[in-house]
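Enquirer:
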Amino acid sequence: MSRLILLSVAVALSACATAHAARPLIDCQNDSLAANTKIIHIDGRPAPEQAKTYVDSIRKRIATFYYDQFRHFSDPAAPYFLFMSKDAQLAMGIGGCVRMRAFYDWGGAIPASGFAPKLIPMTPSPTNMRHFGTTPAGTALFFRVLGRNKTLGDYQLYIQCNFNGYQSRDFHLEKAYATINNFTIGYASSTFSDPAALPPTVDAQGPNNKISPTSVLVRYMPTFKQRWSVGISAETPATAIADDGVNTKRVSDWMPDFAALAQYQWAPGQHVRLSGIIRTLSYRDLIAQKNHNKIGWGVQLSSVAHITDRLTSYVTGSYGHGYAGLGGDLLIGSYDLVGIPGRTGELYAPASFGWCLGLQYNFMPNLFISASASQNRYLPAHAIDGDEYKWGMFSAVNIFWNMTPRMQIGAELDLGWRHNFNGAQRMARRIGAMCQFSF
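So that you can map any letter, position 291 of the sequence shown is 584 in this note's numbering, and since no number is skipped, the others follow by simple counting.
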């Protein structure tokens, strides 16, 4: 049976690469993954006259796993086992992945499994110049239910848990949400994020400008004429405020973050998106005994496009004030509100800016290389300590090979730079490898 599956997938890939030369090879790979799903019928097979409609419905539902608006390259593949009702109105998949990473640093090791330029040691210890590490972080289990109901319309339920908690081994809730037609309710990727526009990396940290918050939210996101999408959401905030407990103290979050997006999609998996977010950042001046509310905001322009059938581009750029706690290098710290030198008891929302450019070239649907560069800049309006992080840069070159539709290996070279306001700078290097099996 396994040989038959592998043979059928190989034939499908060959047919896709030859008969549809203009079709993006990434889509060919997605087709092979979708074909590598075992359908288990819950209440019997469909009647012969319903077979074509049934097959089309199956293909459409499985495709939703790979063309999700908020899917990232590293997210688990569609489950190998999919339970389907006879009328194709209900499907449930149980799946996951086993993912192992290994990495080696030299010339001053970063004290983390994720390659974050902000963590580059400016004066590395002689005892920590080189480091070899491994991590099972990213190993995941998930459940997804897809259905259609006369009253509710199309709906889906999704729960994903990752082993990336304490020491990368504790079970950690990653996502848990329900989508009913155009509404999403639950713990999901922020409307301000665009995971699909981030280039593939072996390193779990990825581009150092990555906007990647996940929060409990309510989102409304309709699509018009299969091309245009707009979305708006109210999201549970998680602010990062640099209070000292003596002159200033953070105030409990009391107002949701509000995010919105507008997107044009010219083909499945290809789009350009403009998104934004507004936040309420609150603190108390302990000297004047008064609470203050500052406004934080951010905008992001992002895109993923197949330039040719083999070449794919990834682009993101963001700017704002008081949005650093939503992702990127500055997530490591408290940069949503910071103090003003010489003005005791006052905080303000500093600016920051980030960008990422990535290219992916597919030799075959299941074999590709990619290269990316990203930068994150801290832009305070007031003087700060010279040893404070000013900007960091991350670049990666990697290769990925899907040995089978369910087994993937990858290798990567990472280079990072950290610059401080006093002019001090340092470079970090890492080589990494990854092996992943999806089921």
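Using N, Cα and C, we set each Cβ at its ideal position, and we do this for glycine too.
Measuring alpha carbon to alpha carbon, tell me which of Ala430, Ile478, Pro492 and Leu574 ends up nearest alanine 527.
Expert: For the purposes of this step, residue 527 is taken as residue 234 along the sequence shown, with counting starting at 1. Here the closest residue by C-alpha is Ile478.
Enquirer: Does the distance from the CB of phenylalanine 687 to the CB of proline 410 come in under 8 Å?
Expert: Residue numbering aside, residue 687 sits at position 394 when the sequence shown is read from its first letter. Residue numbering aside, residue 410 sits at position 117 when the sequence shown is read from its first letter. It is a contact, given that the beta carbons lie within the stated cut-off.
Enquirer: What is the DSSP secondary structure of alanine 303, reduced to helix, strand or coil?
Expert: For the purposes of this step, residue 303 is identified with residue 10 of the sequence shown, where counting begins at 1. The predicted position of alanine 303 is uncertain, since its pLDDT is 37 and thus under 50; a value taken from the coordinates is nonetheless stated next. Here alanine 303 sits in helix by DSSP.
Enquirer: For the pair the region 628-640 and the region 672-692, tell me if three or more CB-CB distances fall below 8 Å.
Expert: yes
Enquirer: Please classify proline 369 as buried or exposed, where buried requires at least 16 other C-beta atoms within 10 Å of its C-beta.
Expert: Within the sequence shown, numbered from 1, the residue matching residue 369 stands at position 76. Per the 10 Å Cβ criterion, buried.
Enquirer: I need the boundaries of the alpha helix (DSSP H) containing serine 704, first residue and last residue.
Expert: Start at 1 with the first residue of the sequence shown, and residue 704 comes out as number 411. Here residue 704 is alanine; the residue named in the question, serine, does not match the sequence. No alpha helix (DSSP H) contains alanine 704, which is instead part of the beta strand (DSSP E) from 700-713.
Enquirer: For glutamine 519, count neighbouring C-beta atoms within 10 Å of its own C-beta (all shown protein chains included) and say buried if the count is 16 or more, exposed if not.
Expert: For the purposes of this step, residue 519 is identified with residue 226 of the sequence shown, where counting begins at 1. Result: exposed.
Enquirer: Could you have a look at arginine 566 and say whether DSSP puts it in helix, strand or coil?
Expert: Start at 1 with the first residue of the sequence shown, and residue 566 comes out as number 273. Arginine 566 falls in the strand class under three-state DSSP.
Enquirer: What residues are listed by DSSP as bridge partners for asparagine 736?
Expert: This structure cannot speak to residue 736, because the chain is shown only from 294 to 732.
Enquirer: Specify, as a first and last residue, the run of the alpha helix (DSSP H) that asparagine 323 falls within.
Expert: Reading the sequence shown from its first residue, position 30 is the one you call residue 323. Segment 318-328, the alpha helix (DSSP H) holding asparagine 323.
Enquirer: Give the secondary structure of isoleucine 525 by DSSP, where H, G and I count as helix, E and B as strand, and everything else as coil.
Expert: Against the sequence shown, residue 525 aligns to sequence position 232. If DSSP states are grouped into helix, strand and coil, isoleucine 525 belongs with the strands.
Enquirer: In or out: glutamate 681 buried (at least 16 other Cβ within 10 Å) or exposed?
Expert: Position 388 of the sequence shown, counting from 1, holds the residue named residue 681. Burial call: exposed.
Enquirer: For aspartate 380, count neighbouring Cβ atoms within 10 angstroms of its own Cβ and tell me buried if that reaches 16, exposed if not.
Expert: Residue 380 sits at position 87 when you count from the first residue of the sequence shown. Counting Cβ neighbours within 10 Å, aspartate 380 comes out exposed, since fewer than 16 surround it.
Enquirer: Quick one: grab the DSSP three-state call for alanine 356.
Expert: Reading the sequence shown from its first residue, position 63 is the one you call residue 356. Correct three-state label for alanine 356: helix.
Enquirer: How should histidine 564 be labelled, buried or exposed, when 16 other C-beta atoms within 10 angstroms of its C-beta is the threshold for buried?
Expert: What you label residue 564 is simply residue 271 of the sequence shown in a count that begins at 1. Counting Cβ neighbours within 10 Å, histidine 564 comes out buried, since at least 16 surround it.
Enquirer: Quick one: give me the first and last residue of the beta strand (DSSP E) that tyrosine 612 is part of.
Expert: In the sequence shown, residue 612 corresponds to position 319, counting from 1. In the DSSP assignment, tyrosine 612 falls within the unbroken beta strand (DSSP E) covering 604-614.
Enquirer: Going by the beta-carbon positions, is the gap between isoleucine 739 and phenylalanine 374 smaller than 8 Å?
Expert: Not covered by the structure: residue 739. The range shown for the chain is 294 to 732.
Enquirer: Just to confirm my understanding: we take valine 523, look at its own chain, exclude 5 residues before and 5 after, and list those with CB closer than 6 Å. What are they?
Expert: As a first step, residue 523 must be located in the sequence shown, where it is residue number 230. Only Ala555 meet the Cβ criterion.
Enquirer: With a threshold of 6 Å on Cβ separation, who are the neighbours of aspartate 707 within its own chain once the five nearest residues in sequence on each side are excluded?
Expert: Translated into the one-based positions of the sequence shown, residue 707 becomes position 414. Excluding five sequence positions before and after aspartate 707, the CB atoms of its chain that fall closer than 6 Å to its own CB belong to Phe408, Asp496, Ala689 and Arg723, given in chain order.
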